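Single-structure report; data block below.
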Amino acid sequence: MERQRMERLQNDYDAILRALPPLPEPEDLYARIIRACRQFWVSPRSVDNLGLAIRTLRASTDPWQESYASCRVLVETVERIKLELLLVRSQLVALWALPNLLMATHRIEPDVWRMMINRPQMDDDGNPLLVHNQLLKRAILDRLEILGDQAANLREYGNALEIECRQEESQSRDQLRAALESMRSLISDFVARSEAVSSPEQQIDNQGDGAGAIRIDAQYMEQLHDPDEEEQLGDDLVSVNEDAQGTDESSTETSLEESDDDNQEMR
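In terms of our numbering, the sequence shown opens at residue 3 and continues consecutively.
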């Protein structure tokens with residue numbers, strides 16, 4: 003009976019071993035955990051730099067177009083850092099599950115593993131590197147909360163910029179509409195005045211007719227003041243006067259002769 007129980011336990015143990023994924027060597031597992039911890043160490047610096055960039059953006063006096071573009075870039079940066087943190091957290095969860103399997107399969111002793119994981123590690127700034135699993139989990143959650151607040155801050159600022167954009171576009175449309183109405187009014191006034199006044203072609207024709215009449219009058223006046231014609235006109239007047247005088251003298255002589263005849267008869 004006891005033998006059967008032991009055989010059953012052995013079979014279960016062998017089945018579990020066959021179901022396990024390939025396990026890394028203890029030193030390799032330790033190196034992978036340290037690399038993941040260093041990736042998390044980079045993220046706090048990125049979060050701090052991101053906070054400074056957000057404060058600079060909100061204090062900026064750049065046009066809303068440039069500010070909105072910068073805001074969109076920062077939103078994408080927040081999402082990228084958030085994904086990096088989630089990836090580090092998932093890696094650490096998987097990696098920290100392996101030491102227990104190594105110890106359960108007698109690949110490493112618990113004391114040896116504790117000694118390995120407690121080796122001093124420094125970050126690039128010379129500060130102690132955070133390696134403890136529970137502390138890492140809490141630190142990652144804190145960073146994710148900070149990123150959530152920063153994302154909300156950026157969304158609020160982006161919404162304010164969109165409202166400003168819509169207001170500016172509305173003002174531009176109103177100004178354009180007013181300019182079109184003014185142009186339409188000017189065109190209507192111009193058309194009305196054009197209908198009341200003769201066309202430029204007619205004015206040119208009238209000016210041409212007036213100039214022709216002036217030239218004809220000038221020619222007529224020149225003819226009136228021609229010296230030859232004035233001399234000829236004077237000769238004609240003299241001839242007419244002489245003829246008139248001759249006619250008067252002849253009439254006078256005839257009258258005298260008739261008077262003499264009448265006097266003789268009366269005698």
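Where is the CB? At the ideal position from N, CA and C, for every residue including glycine. Bear in mind the structure is a predicted one, so any value in this text is a computation, not a measurement.
The C-alpha of Gly160 is placed about 31 Å away from the C-alpha of Ser92. Excluding its 5 nearest sequence neighbours in each direction, Asp125 has C-beta neighbours in its own chain below 6 Å: Trp43 and Leu131, listed in chain order. Per the coordinates, the alpha-carbon of Leu146 lies some 54 Å from the alpha-carbon of Arg5.
Residue burial is scored here from C-beta neighbours: Gln67 has fewer than 16 other C-beta atoms within 10 angstroms and is therefore classed as exposed. Assigned with DSSP and collapsed to three states, Pro122 falls in coil, not helix or strand. Here Arg109 really is in contact with Leu25; their C-beta atoms are around 6 Å apart, less than 8 Å. When DSSP states are grouped into helix, strand and coil, Pro23 belongs to the coil group. For Cys39 against Leu59, the beta-carbon gap comes to about 31 Å, at or over 8 Å, which does not count as contact.
Boundaries of the alpha helix (DSSP H) harbouring Arg195: Asn135 to Ala198, taken from the DSSP string. Nearest neighbour of Pro65 by Cα position, chosen from Leu182, Met185, Ser190 and Cys167, turns out to be Cys167. Remark: fewer than three beta-carbon pairs, one from each stretch, lie closer than 8 Å, so the stretch 82-90 and the stretch 179-189 are not flagged as touching. About 6 Å separates the beta carbon of Ile56 from that of Leu76, a gap short enough to meet the 8 Å contact definition.
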